[in-house]
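**Student:** Mapping the sequence shown onto the numbering used here, position 28 (from 1) lands on 34, and the numbers just tick up by one. Take this structure, written in C-alpha cells, and hold onto it; I'll ask about it next.
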Amino acid sequence: MATTEGVAAAAGASARPTSRHWLFALPLLLFISLGVAFAVGLTRNPREIPSALIGQTISDFELPPLPGRPPGLASRDLVGEASIVNVFASWCTACLEEHPYWMKLSAQGAVSLHGLNYKDDPDNALDWLAELGDPYHRVGSDRNGRVAIDFGVYGVPETFVIDRGGRIAYKHIGPVDQKALDETILPLVRRLQSEASGAEGNTAVREGSAIKAEPSSPKR
C-alpha cells in the first residue's frame, strides 16, 4: 500500500512541473498568435476590407434627389442590372482624388453609376458637381446618413458594386483609382453583366420552348 502511495506521489510531483511549464508557455503562444494575425493583416489591402453585408440584399430605401437635379435614388433602382453606388460628399477631400475616374467611367457608359450623397448640404453638393462634373445617373441625398449605415458605410468615399438582384457584390473603402477599376471593380461588373445576360438568354429559350410546346388551335 505504501509503495502504491509512493508511486502516485512521485507521479504527481513529476506532473506539476509540466503544468507549470505550460502556464509559462501560454503567454508566449498568445504573443506568437497575435503576431501572426498582425502580419497577415498587414498583407491585406485596407481598401478591400471584407464586409458582412457582401451577398446580402440591400435594405429598402428611397432617397430624394438633390434640389433641381433629378432623379433620386431608391433600392428598386438597383435591381435589374449590375450597377455601382459611390458614396461621396462635397466636404470629402478624398472624393476629389477619385472623381476624375468616375467622370471617365461615366463617359464610357459601361455601367450605371449612382451617387449616394452622404451627410451633406444639398446646395454644396450641387455646387461641387457643377464645378467638377456630374458622372452620376442618379443621386440620392442621404442627409442623416441612415441609408449609408444600412450599406455598412464606415467613411467617405466608399464604393459598392451591386448585382442585378440588388445584392452587394463588392465594397471598396477609400478613393478608387484606375488600378482598382481595371483589376477589381470593372472585371466584377463585366462578370455580373455576363451572368445576367446568360440568365436572360436561358429564360428566353425556356419561354420559346414552352410556346412551341403549346398545341395549336384548330382552324375553323
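Just so it is clear, CB atoms sit at the ideal spot from N, CA and C, and this is done for glycine as well.
#1: Per DSSP, which one or two residues make a beta bridge with Arg144?
#2: Can you tell me whether Tyr160 is helix, strand or coil according to DSSP?
#3: So what's Ala88 in DSSP terms, helix, strand or just coil?
#4: Determine the DSSP secondary structure at Leu138, reduced to helix, strand or coil.
#5: Less than 9 angstroms between the beta carbons of Val93 and Gly121, yes or no?
#6: For Leu69, which three-state DSSP category applies?
#7: Is Val93 helix, strand or coil by DSSP?
#8: Out of Gly74, Ala202, Glu189 and Gly61, point me to the one whose CA is closest to Pro128's CA.
#9: Rank Leu72, Tyr176 and Gly146 by C-alpha distance to the C-alpha of Leu132 and give the top, closest one.
**Tutor:** Inspection of the coordinates gives the following:
#1: His120
#2: coil
#3: coil
#4: helix
#5: yes
#6: strand
#7: strand
#8: Gly74
#9: Leu72
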